[in-house]
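First up is the structure itself, then whatever we jot down about it.
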Amino acid sequence: MVQSIQVPNPAAIQAKLEALRDARSKGLSRKYCLRLWSEFIRERDGHRCVDCHSRSRLSAHHICRKSFVEGAQFDTGNGITLCDACHREVHIGFNGRPDLKQPADSQGGEKLPLMERLYSILTDDGVERGLLSEQFYFLSDQLLGSLKKMQGYRPDTYFPGSRVEQAYLILAECEFGVRRALAEANGAPMTDKPLLPGGLYLVLNDDRGRPLESIVLQTYVPRSK
Ligand SMILES: [Zn+2]
Ligand SMILES: [Zn+2]
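Each residue of the sequence shown is one higher than the last, beginning at 399 in our numbering.
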């Protein structure tokens, strides 16, 4: 009987990861290391598209473009296996045919909702298949810090969950400057706490002349650790 490749094989995944680490520690070429990174991603994802589960014409896609943060190109949590159709979809620009050799955003600006969605489905896939671990889904502090900065948050602002789940949550946030502007326009004080999905931003009214107070109520339950 042939074993289904849908059953995760942690030993095979670990072996691909070791090969990548070994090549990187020896300073082998970027091209070669990217090939090993891609092999690791496809092995981890069970040789199927994480989005539509197709098994044809697969490649490992960088969720956050390689040029955004140096080093993120080899982060294991920054890769997702996609079939040709889904891969074209994420690279497509506002005009013209998608050029898969170019970064996902090169033909039409940053695609934050797309990145958010990919980190989200990657988190769920890792949880469902019992593979979610720091080493198989790693994102550097540098990458997470850059995403926070992009959204207007300090690099040490706390977001719950594993690193890929944090990336999803950071991108799901309302950009901090927009939130502050909205609050100021309404004369309400701001907190710098992230407003996670399902959370509430409460402004407490005070009729005794004291300044308004605001609190953030978070009900979000992390999907991963
Ligand atoms: Zn697909
Ligand atoms: Zn790609």
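Virtual Cβ for every residue (Gly too), placed ideally from N, Cα, C.
Nearest residue (CA-CA) to Val576, options Met548, Lys623 and Ser465: Met548
Counterpart residues of Gly477 in DSSP-defined beta bridges: His460
Boundaries (first-last residue) of the beta strand (DSSP E) holding Tyr599: Leu598 to Leu602
Asp449: CB within 6 Å of a non-hydrogen atom of ligand 1: yes
Distance CB(Tyr517)-CB(Tyr566) smaller than 7 Å: yes
For Leu567, three-class secondary structure by DSSP: helix
Range covered by the alpha helix (DSSP H) that runs through Ser518: Leu510 to Glu526
Exposure of Asp539, with buried meaning 16 or more beta-carbon neighbours within 10 Å: exposed
Beta-bridge pairing of Ile613 - partner residues as DSSP gives them: Leu600
Own chain, CB closer than 6 Å to Asp523, minus 5 neighbours either side, in chain order: Val448
Any non-hydrogen atom of ligand 1 within 6 Å of Cys431 CB: no
Exposure of Leu418, with buried meaning 16 or more beta-carbon neighbours within 10 Å: buried
Short Cβ contact (7 Å threshold) for Val642 with Gly444: Nothing in the structure corresponds to residue 642, since the chain is present only between 399 and 623.
Phe492 - DSSP class collapsed to helix/strand/coil: Because the pLDDT of Phe492 is 48, which lies under 50, any placement of that residue in the model is unreliable, and the number read from its coordinates should be weighed accordingly. If DSSP states are grouped into helix, strand and coil, Phe492 belongs with coil.
Where Val576 sits in the DSSP three-state scheme: helix
Sequence-distant residues of its chain with Cβ nearer than 7 Å to Leu615 (five each side left out): Gly597, Leu598 and Leu600
beta-carbon Leu462 near ligand 1 non-hydrogen atom, thresh 6 Å: Note that residue 462 corresponds to Cys in the displayed sequence, not to Leu. Result no, Cβ not under 6 Å from ligand 1.
Contact between the stretch 582-595 and the stretch 531-538 (3+ Cβ pairs under 8 Å): no
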